[in-house]
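Colleague: Chains as they are written, first to last, in this note's numbering: chain A, 1 to 524; chain B, 1 to 76. Where a beta carbon is used, it is the ideal one built from N, C-alpha and C, also for glycine. Mind looking over this structure? Questions follow.
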Amino acid sequence: MQFTSYAFIILWMFAFALYYLLPKKMQWYVLLIASVLFYVIGLKGFPLNLLLTGITTYCCGLYLKRNLTGEKDELIRCGDKESKKALKAAFQKKRKRVQIIYIVFNLGLLVFYKYAVIAVPVIERMTGSRAGFLENVMMPLGISFYTLTAISYVIDAGRENCEVETGFLKIILFLSYFPSVTQGPFNRFAQMKEQFEKEHVFRYDRMLFGIQRFVWGAFKKMVIADRLGIFVDGVYGAESSAVAGSIFICATVFYMLQLYADFSGYIDMAAGISETFDIVLPDNFKRPYFSKSVAEFWRRWHITLGTWFKDYVMFSFVMSGMGRKITKACKNKWNDIGRQITPIIGTMLVWFFTGIWHGRTVSYMLWGVYYGVIMSLSLILEPSFGVWKEKLHIRDGKVWSFVRMARTWLIVFLADVLIRSESLAQAGKVYGSFVTRLNIRGLFSSELTSYGLNKYEFVLLFVVLLIWLAVSLTEERGEDVRIYLSQRPVIVRWVCYYGIVVLLLITGIYGGGYDTAVFMYQSF
Amino acid sequence: MEEKILEILEEHCEEALDYNGESMMEDGIIDSFTVINVISDIEDEFDIEIDAKYVVAENFKNKEAIIALVRKLLEE
Numbered sequence: 001m002q003f004t005s006y007a008f009i010i011l012w013m014f015a016f017a018l019y020y021l022l023p024k025k026m027q028w029y030v031l032l033i034a035s036v037l038f039y040v041i042g043l044k045g046f047p048l049n050l051l052l053t054g055i056t057t058y059c060c061g062l063y064l065k066r067n068l069t070g071e072k073d074e075l076i077r078c079g080d081k082e083s084k085k086a087l088k089a090a091f092q093k094k095r096k097r098v099q100i101i102y103i104v105f106n107l108g109l110l111v112f113y114k115y116a117v118i119a120v121p122v123i124e125r126m127t128g129s130r131a132g133f134l135e136n137v138m139m140p141l142g143i144s145f146y147t148l149t150a151i152s153y154v155i156d157a158g159r160e161n162c163e164v165e166t167g168f169l170k171i172i173l174f175l176s177y178f179p180s181v182t183q184g185p186f187n188r189f190a191q192m193k194e195q196f197e198k199e200h201v202f203r204y205d206r207m208l209f210g211i212q213r214f215v216w217g218a219f220k221k222m223v224i225a226d227r228l229g230i231f232v233d234g235v236y237g238a239e240s241s242a243v244a245g246s247i248f249i250c251a252t253v254f255y256m257l258q259l260y261a262d263f264s265g266y267i268d269m270a271a272g273i274s275e276t277f278d279i280v281l282p283d284n285f286k287r288p289y290f291s292k293s294v295a296e297f298w299r300r301w302h303i304t305l306g307t308w309f310k311d312y313v314m315f316s317f318v319m320s321g322m323g324r325k326i327t328k329a330c331k332n333k334w335n336d337i338g339r340q341i342t343p344i345i346g347t348m349l350v351w352f353f354t355g356i357w358h359g360r361t362v363s364y365m366l367w368g369v370y371y372g373v374i375m376s377l378s379l380i381l382e383p384s385f386g387v388w389k390e391k392l393h394i395r396d397g398k399v400w401s402f403v404r405m406a407r408t409w410l411i412v413f414l415a416d417v418l419i420r421s422e423s424l425a426q427a428g429k430v431y432g433s434f435v436t437r438l439n440i441r442g443l444f445s446s447e448l449t450s451y452g453l454n455k456y457e458f459v460l461l462f463v464v465l466l467i468w469l470a471v472s473l474t475e476e477r478g479e480d481v482r483i484y485l486s487q488r489p490v491i492v493r494w495v496c497y498y499g500i501v502v503l504l505l506i507t508g509i510y511g512g513g514y515d516t517a518v519f520m521y522q523s524f
Numbered sequence: 001m002e003e004k005i006l007e008i009l010e011e012h013c014e015e016a017l018d019y020n021g022e023s024m025m026e027d028g029i030i031d032s033f034t035v036i037n038v039i040s041d042i043e044d045e046f047d048i049e050i051d052a053k054y055v056v057a058e059n060f061k062n063k064e065a066i067i068a069l070v071r072k073l074l075e076e
């Protein structure tokens, strides 16, 4: 059951009706039941692992609450500053120990499920016999998302940045909340708890806005992303040495847009569904292709994953005892350059983990390292960039902004070749094709239409991409398109609404051997 | 104390001094590298240790929030 299936729409409608008809105190139970039904029956997900994560998260939270209360009680009885400091350190040590055990256990499960598949052939090769039960291990749906979400709760609870939850079912709802369980965004407990516990009153405009966002997300997914995907799959699935470099460039640009339309489409659908229940999910995309640097790009793309790594890996490492020791030693030795060493190590760690979180292959690891190196270099070279800019008399303005945007696209483009290629060998051939057989004329020949999209499909793509660009530019100006439309005359408004729905129904990619059900980020 | 913090902010991120929005971190005025450098200088200047739990958007939403955080840590 995916968001685009009839079964899901029926589940959503039932949950929506019950949510506003039943007493307000029961609202979160409706969400819990809908989430469990969606996960267990709809997605045929493996609930035992989710349950195990839920139980360990709940127990760890309770331990942290007891520890923090104990610490406060003891501190009241404590007299001098030194003994208070020692007491705090002792309690903190115990908290950290339990948190580490919890994180190792849950990350261990994630790593086990994620890497069991690729471990099978290695084990079989090494032992010469079959890998037994490992062959049947299936990765539980959404594990990459709910594991990190659960870890954020446990760390925040230990840092006293969120209240510890004493109700087990609320933890389960937090982890399995159906709009975000499979692909995020990564919710934070403090924000979600407040919304789950609030009493929600039905509002027509909110329901309408939610449905509009859902339809817009489906449009991006089914009309844009899936159509781009046909061409991308066609080109990358062909014999690499026979494809012109210009066609690979076109396919990779399409892939950049496909990935964005697919994932942001899913997020729009999830946020739209959630909005109808008066629950706001955190922003996950802010038009990343308008970014003027790679750092800005990653502040606008999959925002909640970026902040997760920043808060729980980067800052945790830099502010840790080890991080501080490295900073101190490097600062003493190299002064200004030295102070950047710890952030650089933190950045490399973040990007290495981001790479392996996204995929199981060496390509993803290299993709992560590539971004880590670029971020680190930009940190080191930033002062020099300023000097060069001045020397070359470059002035800020539209042209310079566009150059910076184009530079960002190029960096993302090169990285995306790596993760879209089936193997490192193919990636090598694709990069090679840009140099050895660019053949620009290929773009204007019949070769372009031999990868699954005919010329009418290209025209349609051009039109829908223009619509998407117009919406993005409006949002970039700080306007909410839904509010903007709601203030237009009724005819304009409904022409736009019907236009998008009709385009979705007529030109959306349905069935026919091409599975619309699978969202790209679901496999991460 | 305030003057010292403003000096540190000026050195690492001048824009932060004139910022009047809701969140410097979310609006991209101050990135994670700058946050780390500002923290490092504040720690050296005031001989305090800023734990990772304080490095949240709320405590770095504007210059006043940073000053309030340092004041709180100095009082502890």
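Note down the Cα distance separating residue 158 of chain A from residue 80 of chain A, rounded to an integer number of angstroms.
Modeller: The residue labelled residue 158 of chain A in the question sits at position 158 within the first sequence. The residue labelled residue 80 of chain A in the question sits at position 80 within the first sequence. Cα to Cα, the separation comes out at about 25 Å.
Colleague: By how many angstroms is the C-alpha of residue 11 of chain A removed from the C-alpha of residue 168 of chain A?
Modeller: Numbered from 1 along the first sequence, position 168 holds the residue referred to as residue 168 of chain A. Numbered from 1 along the first sequence, position 11 holds the residue referred to as residue 11 of chain A. Roughly 24 Å separates the two Cα atoms.
Colleague: Please compile the residues from chain B whose C-beta is within a distance smaller than 8 Å of the C-beta of residue 379 of chain A.
Modeller: Sequence index remark: in the first sequence, residue 379 of chain A carries index 379 (1-based). By Cβ distance, chain B contributes 33.
Colleague: With DSSP run on the structure shown, which of helix, strand or coil describes residue 55 of chain B?
Modeller: As a first step, residue 55 of chain B must be located in the second sequence, where it is residue number 55. In the structure shown, residue 55 of chain B sits in coil (DSSP, three-state: anything other than H, G, I, E or B).
Colleague: Grab me the residues of residue 17 of chain B's own chain with a C-beta within less than 8 Å of its C-beta, minus the 5 sequence neighbours each way, in chain order.
Modeller: For the purposes of this step, residue 17 of chain B is taken as the residue at position 17 of the second sequence. Excluding residues within five positions, the ones whose Cβ falls inside 8 Å are 6, 9, 10 and 63.
Colleague: Does residue 316 of chain A get closer than 8 Å to chain C when you measure Cβ to Cβ?
Modeller: Among the protein chains in the structure shown, which are A and B, there is no chain C.
Colleague: Which class does residue 27 of chain B belong to by DSSP, given the choice of helix, strand or coil?
Modeller: Here residue 27 of chain B is taken as the residue at index 27 of the second sequence, counted from 1. Residue 27 of chain B: coil per DSSP, three-state reduction.
Colleague: Cβ closer than 7 Å: which chain A residues qualify as neighbours of residue 51 of chain B?
Modeller: Start at 1 with the first residue of the second sequence, and residue 51 of chain B comes out as number 51. By Cβ distance, chain A contributes 319.
Colleague: May I ask you to list, following chain order, the residues of the stretch 281-305 of chain A that have a beta carbon less than 7 Å from some beta carbon of chain B?
Modeller: From the stretch 281-305 of chain A, only 295, 296 and 299 have a Cβ closer than 7 Å to chain B.
Colleague: Start and end of the alpha helix (DSSP H) containing residue 40 of chain B?
Modeller: Position 40 of the second sequence, counted from the start, is the residue given in the question as residue 40 of chain B. Here the alpha helix (DSSP H) through residue 40 of chain B covers 32-46.
Colleague: Pick out whichever of A:436, A:474 and A:343 has its Cα sitting closest to the Cα of residue 40 of chain B.
Modeller: Taking the second sequence and counting its residues from 1, one reaches residue 40 of chain B at position 40. Looking at the Cα atoms, A:343 is the closest of the given residues.
Colleague: Within 10 Å of its beta-carbon, does residue 358 of chain A have 16 or more other beta-carbons around it, so buried, or fewer, so exposed?
Modeller: On the first sequence, residue 358 of chain A is found 358 positions in, with the first residue counted as 1. Buried is the call here.
Colleague: For chain A, check one thing: does any of its Cβ atoms lie closer than 8 Å to the Cβ of residue 56 of chain B?
Modeller: Start at 1 with the first residue of the second sequence, and residue 56 of chain B comes out as number 56. So, interface residue.
Colleague: Quick check on this structure: which residue in A:151, A:374, A:14 and A:476 has the alpha carbon closest to the alpha carbon of residue 53 of chain A?
Modeller: Looking up residue 53 of chain A in the first sequence gives position 53. Answer by Cα proximity: A:151.
Colleague: For chain B, is any of its Cβ atoms less than 8 Å away from the one on residue 339 of chain A?
Modeller: By one-based count along the first sequence, residue 339 of chain A stands at place 339. For residue 339 of chain A, the answer is yes, since a Cβ of chain B falls inside 8 Å of its Cβ.
Colleague: On the three-state DSSP scale, how would you describe residue 241 of chain A?
Modeller: Within the first sequence, numbered from 1, the residue matching residue 241 of chain A stands at position 241. Of the three classes helix, strand and coil, the one that applies to residue 241 of chain A here is helix, per DSSP.
Colleague: Given a limit of 7 Å on CB to CB distance, which residues of the stretch 34-49 of chain B reach chain A?
Modeller: Here the close residues are 36, 37 and 40.
Colleague: Using only CA atoms, which one of A:102, A:355 and A:430 lies nearest to residue 61 of chain A?
Modeller: Residue 61 of chain A sits at position 61 when you count from the first residue of the first sequence. It is A:102.
Colleague: Under 8 Å Cβ-Cβ, which residues of chain B neighbour residue 310 of chain A?
Modeller: As a position in the first sequence, residue 310 of chain A is number 310, starting the count at 1. By Cβ distance, chain B contributes 32.
Colleague: Output needed in chain order: residues of the stretch 158-176 of chain A with a Cβ under 9 Å from some Cβ in chain B.
Modeller: Within the stretch 158-176 of chain A, the qualifying residues are 158, 159, 160 and 161.
Colleague: Go through its chain and collect everything with a Cβ distance to residue 192 of chain A's Cβ below 6 Å, but skip five positions before and after it.
Modeller: Stepping through the first sequence from its first residue, residue 192 of chain A is reached at position 192. Result list for residue 192 of chain A: 174, in chain order.
Colleague: Can you give me the C-alpha to C-alpha distance between residue 207 of chain A and residue 277 of chain A, rounded to a whole angstrom?
Modeller: To locate residue 207 of chain A, count along the first sequence from 1; it is residue 207. To locate residue 277 of chain A, count along the first sequence from 1; it is residue 277. In a straight line, the C-alpha of residue 207 of chain A is about 8 Å away from that of residue 277 of chain A.
Colleague: Assuming contact is defined by CB atoms lying nearer than 8 Å, are residue 287 of chain A and residue 475 of chain A in contact in what I supplied?
Modeller: Translated into positions along the first sequence, residue 287 of chain A becomes position 287. Translated into positions along the first sequence, residue 475 of chain A becomes position 475. Yes, they are a contact pair.
Colleague: Could you work out which residues of chain A lie near residue 28 of chain B, taking near to mean beta carbons separated by less than 9 Å?
Modeller: If you number the second sequence from 1, residue 28 of chain B lands on position 28. What residue 28 of chain B touches in chain A: 295, 296, 299 and 300.
Colleague: Would residue 327 of chain A count as contacting chain B if we go by Cβ distances under 8 Å?
Modeller: Translated into positions along the first sequence, residue 327 of chain A becomes position 327. Yes, residue 327 of chain A counts as interfacial toward chain B.
Colleague: Would you give the residue range spanned by the alpha helix (DSSP H) that residue 92 of chain A belongs to?
Modeller: Translated into positions along the first sequence, residue 92 of chain A becomes position 92. It spans 81-127 - the alpha helix (DSSP H) in which residue 92 of chain A sits, taken as one unbroken run.
Colleague: Thinking just about the alpha-carbon of each residue, which of A:89, A:228 and A:71 is nearest to the one in residue 526 of chain A?
Modeller: Residue 526 of chain A cannot be examined here, being either before or after the span of chain A that is shown, 1 to 524.
Colleague: Grab me the residues of residue 210 of chain A's own chain with a C-beta within less than 6 Å of its C-beta, minus the 5 sequence neighbours each way, in chain order.
Modeller: The residue labelled residue 210 of chain A in the question sits at position 210 within the first sequence. Closer than 6 Å at Cβ, skipping near neighbours: 272, 275 and 276.
Colleague: Using a Cβ cut-off of 7 Å, which residues of the stretch 343-368 of chain A contact any Cβ in chain B, in chain order?
Modeller: Under the 7 Å Cβ criterion, the stretch 343-368 of chain A contributes 343.
Colleague: To which residues of the same chain is residue 148 of chain A closer than 7 Å at the C-beta, ignoring the five residues directly before and after it?
Modeller: On the first sequence, residue 148 of chain A is found 148 positions in, with the first residue counted as 1. Taken in chain order, the residues that qualify are 186 and 308.
Colleague: Any contact of the stretch 229-240 of chain A with the stretch 446-464 of chain A, i.e. 3+ C-beta pairs under 8 Å?
Modeller: Segments in contact, yes.
Colleague: Pick out whichever of A:446, A:424, A:376 and A:259 has its Cα sitting closest to the Cα of residue 289 of chain A.
Modeller: On the first sequence, residue 289 of chain A is found 289 positions in, with the first residue counted as 1. The shortest Cα separation from residue 289 of chain A among A:446, A:424, A:376 and A:259 belongs to A:259.
Colleague: Is it the case that the Cβ atoms of residue 443 of chain A and residue 246 of chain A are separated by a distance below 8 Å?
Modeller: Along the first sequence, one-based indexing puts residue 443 of chain A at 443. Along the first sequence, one-based indexing puts residue 246 of chain A at 246. Yes; because the gap between Cβ atoms is below 8 Å, this pair is in contact.
Colleague: Quick check on residue 602 of chain A: buried or exposed, where buried means 16 or more other Cβ atoms within 10 Å of its Cβ?
Modeller: The requested residue 602 of chain A does not occur in the structure, where chain A is confined to residues 1 to 524.
Colleague: So for residue 515 of chain A, helix, strand or coil by DSSP?
Modeller: On the first sequence, position 515 is the one that residue 515 of chain A refers to. Residue placement at residue 515 of chain A is poorly supported in this model, since its pLDDT is 47, which falls under 50; the coordinates still yield a value, given next. Of the three classes helix, strand and coil, the one that applies to residue 515 of chain A here is coil, per DSSP.
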